[in-house]
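Here is the structure we will look at.
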Amino acid sequence: MVGVGVGLFLAVPGSVLPAHADARLTADAKVERIGQPLTDEEMRAVSFSAGRILKHVDQAIRAIAKQDKNTALTQIDKGLALAGIIEQSLPMTTVKSTIKAGKLQYSDEDKIKLLTVPIYQELDTVSILEPVVAAKKAAATKAGTAAKEVPAKGHAEAVGESYISITLNVADAKAYLETAKDALAKGHFDAASKDLAAIQEKVTVMYAGERGPLAEAREDLALANLDIDQGYRKEAQVALTDASESLSRYDKSGGKHQAEVKTMQAEIAALSTELDKSNEGSMEKAKGKIMGWWDRVKGWEHRHFYFTESPTRGLEKGGPYVNR
80 MVGVGVGLFL AVPGSVLPAH ADARLTADAK VERIGQPLTD EEMRAVSFSA
130 GRILKHVDQA IRAIAKQDKN TALTQIDKGL ALAGIIEQSL PMTTVKSTIK
180 AGKLQYSDED KIKLLTVPIY QELDTVSILE PVVAAKKAAA TKAGTAAKEV
230 PAKGHAEAVG ESYISITLNV ADAKAYLETA KDALAKGHFD AASKDLAAIQ
280 EKVTVMYAGE RGPLAEARED LALANLDIDQ GYRKEAQVAL TDASESLSRY
330 DKSGGKHQAE VKTMQAEIAA LSTELDKSNE GSMEKAKGKI MGWWDRVKGW
380 EHRHFYFTES PTRGLEKGGP YVNR
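Below, the structure written as structure tokens:
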């Protein structure tokens, strides 16, 4: 059986339901990845692609509001193309389930793809968060529940200092895109718009009571990468300095990667100096170094920061976000 699973694409194989020797009823599920895991660069590409799906969803909704059927269909097709790319790129995972009660035993094996993808806004220059939060607010208002206000800002500040990241279930998004396309082809504009809005409403937005220094360092590094890509060396140096200062705050807060932080800060300082005399070829190498640091900071952040999902309400502190 091949299915679609709910979980982040960077899944770590292992037993998720440990059995206990003295239990009368035991349940065990072992997760094993099939084939090679994605590289850090490939993971970023998947995340970027998922964010772009939301961009095209928003543009399709705007086109439908103007009764522009052709533009809406074009945007939907782009979203479907991206969903197909993600679906094809992510590795298969085997889930072996065993349940025992005395002499009775149940076992099953599924082959699935984990298609819930984390999206990092700083990887793109297009703000995708505002339309998502606005859609959630509208849905909450319609349902009669309290919704979080959306300040008129872009990127991470779109929901204030509490924003961490967002995740998209690509399988669900693909299904809604397909039904929206079918509805639009039949001239059912309202139905198509509702299907597309459902994609935005089902996006998971992660919040924390307080933004951490690792989140700030991650965003500063992405900004430095963008500055270098656009030829703004001085601005890139400023962003790298900001990233190093954020790492210092993490170090002083008792972060568990102190040795690695100091090594990274030394590397950042060296690269910042090199930017003054770098040529075009070395600029590409610099971008590679910066995004390598971004990957490492992202990993530290997932292991040490705790927060809960609160897509339409106020901030809440809670259990761990598991990189699974």
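Heads up: the sequence shown runs through residues 80 to 403, numbered per our numbering. C-beta atoms are modelled at their ideal positions from N, C-alpha and C, and glycine is treated no differently. The structure presented is a predicted model; accordingly, all values stated were derived computationally and were not measured.
{"Check": "R112, enclosing alpha helix (DSSP H) - first and last residue", "Outcome": "Segment 104 to 112 is the beta strand (DSSP E) holding R112; no alpha helix (DSSP H) there."}
{"Check": "Spatial distance of E236 from A213 (CA atoms)", "Outcome": "Its pLDDT being 37, under 50, E236 is placed unreliably in this model, and the value from its coordinates should be taken loosely. Roughly 14 Å between the two C-alpha positions."}
{"Check": "Of the listed residues Q146, A162, W379, P292, nearest to V196 (C-alpha basis)", "Outcome": "A162"}
{"Check": "Contact under 9 Å by Cβ, G158 with H135", "Outcome": "yes"}
{"Check": "Candidates D137, A106, L208, of which the one nearest D187 by Cα", "Outcome": "A106"}
{"Check": "T404, DSSP secondary structure in three states", "Outcome": "Any property of residue 404 remains undetermined from this structure, which presents the chain solely from 80 to 403."}
{"Check": "Rounded straight-line distance, which links the Cα of S272 to that of I143", "Outcome": "7 Å"}
{"Check": "Residue of G130, V340, A277 minimising C-alpha distance to L208", "Outcome": "G130"}
{"Check": "Own chain residues within Cβ distance below 8 Å of Q146, not counting five before or after", "Outcome": "F268"}
{"Check": "Short Cβ contact (9 Å threshold) for D299 with D321", "Outcome": "yes"}
{"Check": "Endpoints, alpha helix (DSSP H) assigned at P292", "Outcome": "292 to 308"}
{"Check": "Sequence-distant residues of its chain with Cβ nearer than 6 Å to A309 (five each side left out)", "Outcome": "Reading the sequence as shown, one finds Gln at residue 309 and not Ala. Excluding sequence neighbours, Q309 sits near nothing in its chain."}
{"Check": "Rounded straight-line distance, which links the Cα of D189 to that of T118", "Outcome": "24 Å"}
{"Check": "Limits of the alpha helix (DSSP H) - the one that V174 falls within", "Outcome": "Counting along the chain, V174 falls outside any alpha helix (DSSP H), though it belongs to the beta strand (DSSP E) covering 171 to 180."}
{"Check": "Test item: CB-CB of L263 and K148 under 9 Å", "Outcome": "yes"}
{"Check": "Whether K281 touches N248 by CB criterion (9 Å)", "Outcome": "yes"}
{"Check": "Helix, strand or coil at V284 according to DSSP, with G and I counted as helix", "Outcome": "strand"}
{"Check": "L256, buried or exposed, once every other Cβ within 10 Å from all chains shown has been counted against 16", "Outcome": "buried"}
{"Check": "Residue from P210, A294, S351 with nearest C-alpha to Y311", "Outcome": "S351"}
{"Check": "Neighbourhood of D374 by C-beta, 7 Å cutoff - its chain only, sequence neighbours within 5 removed", "Outcome": "D119"}
{"Check": "Residue from E353, S332, K341, K265 with nearest C-alpha to A315", "Outcome": "E353"}
{"Check": "Top-ranked residue by Cα proximity to Q200, from A254, K313, P210", "Outcome": "P210"}
{"Check": "Neighbourhood of T246 by C-beta, 6 Å cutoff - its chain only, sequence neighbours within 5 removed", "Outcome": "T195, P197, T283"}
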